[in-house]
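Structure record follows, encoded as structure tokens.
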Amino acid sequence: MTQLSKELKLAQQKNQLMNMLSSLRIWIKILSSALVIVFGWLKLHGVSLIALTSSPVANFLLMITMIIYFFSWVFGALWDAHDQALVYLTSPNKGRLPIMAIGLMIIITVVFGILCWINSYRDFAMVLGAFWLINLIAWLFLVSNISKKAFDLSSNILKANEDTIELVSLNIVRDYIEGKWQWWRFMLGGLLILCINVLANTTAPSLIKETTSALSEEFIMVFSIFLFVTVVESWIWLARVKRRVSLNLLTTLRNKYDLNLKQ
Numbered sequence: 575m576t577q578l579s580k581e582l583k584l585a586q587q588k589n590q591l592m593n594m595l596s597s598l599r600i601w602i603k604i605l606s607s608a609l610v611i612v613f614g615w616l617k618l619h620g621v622s623l624i625a626l627t628s629s630p631v632a633n634f635l636l637m638i639t640m641i642i643y644f645f646s647w648v649f650g651a652l653w654d655a656h657d658q659a660l661v662y663l664t665s666p667n668k669g670r671l672p673i674m675a676i677g678l679m680i681i682i683t684v685v686f687g688i689l690c691w692i693n694s695y696r697d698f699a700m701v702l703g704a705f706w707l708i709n710l711i712a713w714l715f716l717v718s719n720i721s722k723k724a725f726d727l728s729s730n731i732l733k734a735n736e737d738t739i740e741l742v743s744l745n746i747v748r749d750y751i752e753g754k755w756q757w758w759r760f761m762l763g764g765l766l767i768l769c770i771n772v773l774a775n776t777t778a779p780s781l782i783k784e785t786t787s788a789l790s791e792e793f794i795m796v797f798s799i800f801l802f803v804t805v806v807e808s809w810i811w812l813a814r815v816k817r818r819v820s821l822n823l824l825t826t827l828r829n830k831y832d833l834n835l836k837q
């Protein structure tokens with residue numbers, strides 16, 4: 575294969591990749607917009623949303639928590655797609671977004687909507703556990719069916735071209751997507767959800783209230799949900815910021831010093 579043929583093939587593969595990531599962004603925007611529209615319609619028709627508690631303080635905290643969780647998911651997914659587009663050179667499945675991936679995104683959106691509609695702590699705790707499990711399944715699918723193949727194919731091309739800087743960038747994103755820290759985060763999130771279920775199904779909130787009379791049982795329950803969202807989303811956003819800073823630094827160094835190190 576001539577050099578020109580290789581370049582044309584690489585350009586075609588990159589174009590397929592961009593088409594797949596573009597489809598991903600479109601689906602994220604469609605589903606998030608649909609959720610907002612449905613919530614707006616329900617609100618206009620008098621349906622209570624995020625109504626687990628009658629306490630004004632606890633209700634405000636819960637509403638802020640769910641809004642943070644929603645926007646963290648939407649903008650986080652868009653951030654991830656953007657950085658993957660920067661480092662991938664090719665994509666599996668000829669640039670087509672797998673039906674399973676679309677199905678998982680729809681399921682995640684629907685379950686999140688159910689979380690905002692439920693009016694029982696016990697039901698909320700159970701559905702939150704299901705939501706977290708679905709997210710774990712979605713991540714495992716992403717790693718095994720999309721990202722691993724894209725990383726391996728891109729890595730082989732970069733190694734053949736001896737482009738170490740781009741290979742380092744690729745590995746930074748790979749560590750974010752496939753790193754062991756993801757397992758630790760899912761395990762910690764699962765542990766926190768277990769605690770939320772204990773609070774929702776036992777007299778633990780009453781016992782806690784006895785030691786801290788200033789806090790209501792409702793606030794204790796809502797605070798446990800707030801703690802879960804704050805911990806798991808702060809962790810992943812710190813990883814995202816670290817990834818973005820590292821990629822920007824490598825890009826700046828390469829542009830400034832025209833780096834093209836050999837392995």
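Going by our numbering, the sequence shown opens with residue 575, and the numbers climb by one from there. Here a beta-carbon is modelled for each residue, glycine too, at the ideal position from N, C-alpha and C.
So what's residue i in DSSP terms, helix, strand or just coil?
{"i": "residue 687", "result": "helix"}
{"i": "residue 791", "result": "helix"}
{"i": "residue 820", "result": "helix"}
{"i": "residue 707", "result": "helix"}
{"i": "residue 825", "result": "helix"}
{"i": "residue 695", "result": "helix"}
{"i": "residue 599", "result": "helix"}
{"i": "residue 814", "result": "helix"}
{"i": "residue 591", "result": "helix"}
{"i": "residue 665", "result": "coil"}
{"i": "residue 630", "result": "helix"}
{"i": "residue 773", "result": "helix"}
{"i": "residue 635", "result": "helix"}
{"i": "residue 702", "result": "helix"}
{"i": "residue 714", "result": "helix"}
{"i": "residue 671", "result": "coil"}
Should residue i and residue j be called a contact, given that it needs their Cβ atoms to be closer than 8 Å?
{"i": "residue 748", "j": "residue 715", "result": "no"}
{"i": "residue 698", "j": "residue 689", "result": "yes"}
{"i": "residue 680", "j": "residue 773", "result": "no"}
{"i": "residue 828", "j": "residue 739", "result": "yes"}
{"i": "residue 704", "j": "residue 682", "result": "no"}
{"i": "residue 665", "j": "residue 792", "result": "no"}
For the ligand SAH, I want to know if residue i counts as a neighbour, meaning its beta carbon is within less than 7 Å of at least one of the ligand's heavy atoms.
{"i": "residue 809", "result": "Because no ligand of any kind appears in the structure shown, any question about the ligand SAH cannot be addressed here."}
Quick check on residue i: buried or exposed, where buried means 16 or more other Cβ atoms within 10 Å of its Cβ?
{"i": "residue 734", "result": "exposed"}
{"i": "residue 661", "result": "buried"}
{"i": "residue 677", "result": "exposed"}
{"i": "residue 826", "result": "exposed"}
{"i": "residue 807", "result": "buried"}
{"i": "residue 837", "result": "Interpretation of residue 837 is limited by its pLDDT of 42, a score under 50 that renders its predicted location unreliable; the figure taken from the coordinates is listed afterwards. By the 10 Å Cβ count, residue 837 comes out exposed."}
{"i": "residue 578", "result": "Any reading at residue 578 needs caution, since the residue's pLDDT is 47, under 50, leaving its predicted position unreliable; the model's value is listed next. Counting Cβ neighbours within 10 Å, residue 578 comes out exposed, since fewer than 16 surround it."}
{"i": "residue 602", "result": "buried"}
{"i": "residue 835", "result": "Residue placement at residue 835 is poorly supported in this model, since its pLDDT is 46, which falls under 50; the coordinates are not used for a value here."}
{"i": "residue 796", "result": "buried"}
{"i": "residue 763", "result": "buried"}
{"i": "residue 663", "result": "buried"}
{"i": "residue 718", "result": "exposed"}
Where in the stretch 717 to 764 do unbroken runs of the beta strand (DSSP E), each at least 3 residues long, occur, reported from the N-terminal end onward? No beta strand (DSSP E) of 3 residues or more sits fully in the stretch 717 to 764.
Across the stretch 807 to 821 and the stretch 734 to 754, are there enough close Cβ pairs to call them in contact, namely three or more that are closer than 8 Å? Result yes; three or more Cβ-Cβ pairs closer than 8 Å.
Evaluate contact between the stretch 640 to 660 and the stretch 594 to 601, counting only Cβ atoms and requiring at least three cross-stretch pairs below 8 Å. Yes, the stretch 640 to 660 is in contact with the stretch 594 to 601.
Can we say the stretch 795 to 805 touches the stretch 636 to 647, given the rule of at least three CB pairs closer than 8 Å? Verdict: yes, contact present.
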